[in-house]
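Counting in the numbering used here, the sequence shown tops out at residue 612, every number present.
In this text, a Cβ means the ideal position worked out from N, Cα and C, and glycines have one as well.
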Amino acid sequence: MKHILFLFWVLIVANTGRAQLSEPHQPPSWNTSISSIDNLSIVVIDAPDMSEVYAIRNAQKHKNTALLAGKKIPVQVNFLENGTWNVLPNNSLVCRTKITAKNAGHVGVNFSELYLPIGGELYFYSPDFKNKIGPFTQQDVAQDGSFSSGVIEGSEIIIELVQPARNNTRPIVDIESLIYLVKERKSASRDFGDADDCHININCKEGDNWRDQQNAVVRILMYINGEYGWCTGTIMNNTFQDCTPYILTADHCRSVKAGSVAAETDYDQWQFYFNYEGPKCKNPKESEVAIGTLTGCKKMANSGKMAEGDPDFLLVKLNSAIPQFYNPFFAGWDNRNLASSSGVMIHHPQGDVKKISTYTSTLESSQWNENNKNTHWKLYWAETSNGRGVSQSGSSGSALWNSDKRVLGQLTGGSSGCTDDGTTSPYNPDYFGKMSAGWFMNGEVPSLQLKAWLDEGNSLRSFIDGIKWPCAEDPLTAMSVIEKSEEIKLYPNPANKTIRVDLKGLFQNKIEFSIINSLGTKIGSTESTSSQTADLNIDDLPKGLYILEISSGGEVIRKTFIKE
């Protein structure tokens, strides 16, 4: 199921199985004599005990669990019998009910069975008419009849059903439960969402060089065994370059608390929010934020142990294609285990609007939870013109971007934070599971590695760039010798005693280095098993021009250097 929600006036894209772009229009009751909601039937749901939710949220400072957001609350609402019915000017019927979920921060509606006759429509909106989702039609309902509305901000939601004139087919509206998300505890200084104050909005100047990449980042509302949580994910490109809707996030986002892990059927209720960001650098007003959403995915691969000794990756595939209207960007990636000297993280801390954090010092290869495996990148965040962006609960799963604007991994956790409270600090590190560690994870098992999906055509590419919709570029094949030669660098050049060869992980086999003089004579050779760098001693060579021949797996590359 898919739909697009504007938190003021709305365009809708909705489907399960096919995309449908609906024209923007209001619920039919809004511009009529029956627009008042004062006399609607009301269903009041007492506030459930959310003390456990708040306690868990307060403890989730290290980001190695998904941010717990709320619960599914069973309800009994006889909508058709107890709703308020009216006749529209065109003789269609409209039925409305207001549901009040006391103390909720967001509320949505789950249906066990929904059937809308031809011409029938369903809307959801807030009592102040600022937040609206819909219209939905029968095309948007799953084959088994189940349906979820998504969430409306606030504790009240109005359901509006339109029964077309001259259609006597009775609709079915069986409400099963509510999506009940806890109320964010904002300080007076916070204008939007619940992220701490130091976070930098994506449309500040820090994001100017990352406009494509920001369109790859999504907010994820996970459903896990009766509870909901927030994480961040990234739309990923693959070597077929075919717009397959892969989303990379963290494996630990499959759990919102100890002992609770998402079942395979839970993924059908995961919601993905696109373009959830303010239009300017300052925090937005509610009416300025636009959201596109898709519901439902399948788990394709994960590292399996949720960061306990592994790189903590989860790759899912959305149940439906991403509409062009969302302007998606499919992120490039790099699996060569190369430490970038600068880059960013784009994320949704606390489920808030999109933020950006920047690093300007070289990544460190590291472990997580003392697992004695260098499966992670360690970094420290940098001060920029608008502050020092960090991470927070809800940032989990965010991509780590290198200076080439390719993804190197995803956020597991750490202890960075806006304030120095003895547990977190703006100067503390964060850790990202390495893409290189998850690429061939656990041998050839597709469900435990990234390569089987992001390089399904077996091009053996070590890195690719991102791509925009409609992904019209040709599939990528194996890198040519010419392309590899352009990537490999020698430095310093000219050199005196030692020359370093930066191989950038382009070779999988043993590598032989041969030095050839200006007469074409091979005067020395050595071998290496490192696919990253090699340091060659040239201290004994006479001054002059030389050729370095690099041979591996039948490929031969020649680079020139000067001995001073």
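Pick from the options that is closest to residue i, judged by C-alpha positions
i, options, result
"Leu-596", "Lys-607, Ile-586, Pro-590, Gly-602", "Lys-607"
"Asp-400", "Leu-115, Asn-286, Glu-100", "Leu-115"
"Tyr-324", "Gly-437, Val-142, Leu-342, Pro-212", "Leu-342"
"Ala-430", "Cys-466, Gly-118, Asn-417", "Cys-466"
"Phe-377", "Ala-485, Ala-520, Tyr-271", "Ala-520"
"Gly-340", "Gln-261, Ile-181, Thr-185", "Ile-181"
"Thr-297", "Gly-168, Leu-363, His-247", "Leu-363"
"Gly-193", "Ala-379, Ala-149, Glu-161, Trp-416", "Glu-161"
"Met-348", "Met-354, Lys-365, Glu-356", "Lys-365"
"Leu-164", "Thr-217, Asp-97, Glu-312", "Thr-217"
"Leu-170", "Lys-178, Lys-421, Phe-159", "Phe-159"
"Gly-514", "Gly-255, Gly-380, Asn-126, Glu-254", "Gly-380"
"Asn-179", "Gly-167, Ser-197, Ile-166", "Ser-197"
"Arg-384", "Asp-97, Gly-486, Gly-572, Asp-522", "Gly-486"
"Ser-439", "Asp-245, Gln-317, Ala-149", "Asp-245"
Cβ-Cβ distance between residue i and residue j below 7 Å
i, j, result
"Val-155", "Ile-200", "yes"
"Tyr-228", "Ile-206", "no"
"Thr-113", "His-300", "yes"
"Gly-481", "Pro-371", "no"
"Val-123", "Ser-225", "yes"
"Pro-76", "Val-266", "no"
"Lys-346", "Tyr-315", "yes"
"Ala-243", "Gln-398", "yes"
"Ile-223", "Phe-127", "yes"
"Thr-410", "Ser-389", "yes"
"Gly-457", "Ser-405", "no"
"Lys-426", "Pro-477", "yes"
"Pro-294", "Met-284", "According to the sequence as given, residue 294 is Tyr; it is not Pro. Going by C-beta atoms, Tyr-294 is nearer than 7 Å to Met-284."
Straight-line gap, residue i to residue j (C-alpha atoms, nearest Å)
i, j, result
"Asp-94", "Asn-251", "39 Å"
"Asp-550", "Thr-472", "37 Å"
"Gln-556", "Gly-601", "8 Å"
"Ala-264", "Glu-560", "40 Å"
"Ser-7", "Ser-368", "No answer is possible for residue 7: it lies beyond the span of the chain, which begins at 49 and ends at 612."
"Leu-508", "Gly-445", "25 Å"
"Lys-611", "Ser-351", "47 Å"
"Val-309", "Lys-146", "33 Å"
"Ser-237", "Asn-331", "Here the model assigns Ser-237 a pLDDT of 37, short of 50, so the residue's position is not dependable, and the following value carries that caveat. Each residue's alpha carbon lies about 11 Å from the other."
"Gly-470", "His-247", "19 Å"
"Glu-575", "Asn-544", "21 Å"
"Pro-72", "Phe-373", "Any reading at Pro-72 must be qualified, since the residue scores a pLDDT of 46, below 50, and its modelled position is unreliable; the value itself is stated next. Rounded to whole angstroms, Pro-72 to Phe-373 spans 13 Å at the Cα level."
"Glu-275", "Ala-213", "40 Å"
"Asp-587", "Ile-547", "10 Å"
"Phe-54", "Gly-344", "The predicted position of Phe-54 is uncertain, since its pLDDT is 35 and thus under 50; a value taken from the coordinates is nonetheless stated next. Using only the alpha carbons, I get a separation of about 20 Å."
"Thr-326", "Lys-402", "Correcting the residue type first, residue 326 is Gly in the shown sequence and not Thr. Each residue's alpha carbon lies about 7 Å from the other."
"Ser-573", "Ile-563", "6 Å"
"Gln-580", "Lys-552", "5 Å"
"Asn-138", "Val-304", "48 Å"
Local Cβ density within 10 Å of residue i, reported as buried at 16 or more and exposed below that
i, result
"Asp-503", "buried"
"Thr-292", "buried"
"Glu-100", "exposed"
"Glu-208", "buried"
"Trp-449", "buried"
"Leu-567", "exposed"
"Arg-302", "buried"
"Ile-530", "exposed"
"Lys-150", "exposed"
"Ser-510", "buried"
"Glu-254", "buried"
"Thr-525", "exposed"
"Tyr-539", "exposed"
Contact test: residue i Cβ vs the ligand SAH heavy atom, cutoff 6 Å
i, result
"Phe-555", "Among the components modelled here there is no ligand, and therefore nothing to report on the ligand SAH."
Any chance the stretch 379-398 sits against the stretch 275-283, with 3 or more Cβ pairs inside 8 Å?
-> Judged by pairs of C-beta atoms under 8 Å, the stretch 379-398 touches the stretch 275-283, as three or more such pairs exist.
The stretch 176-191 touching the stretch 125-141, judged by at least three CB pairs closer than 8 Å | no
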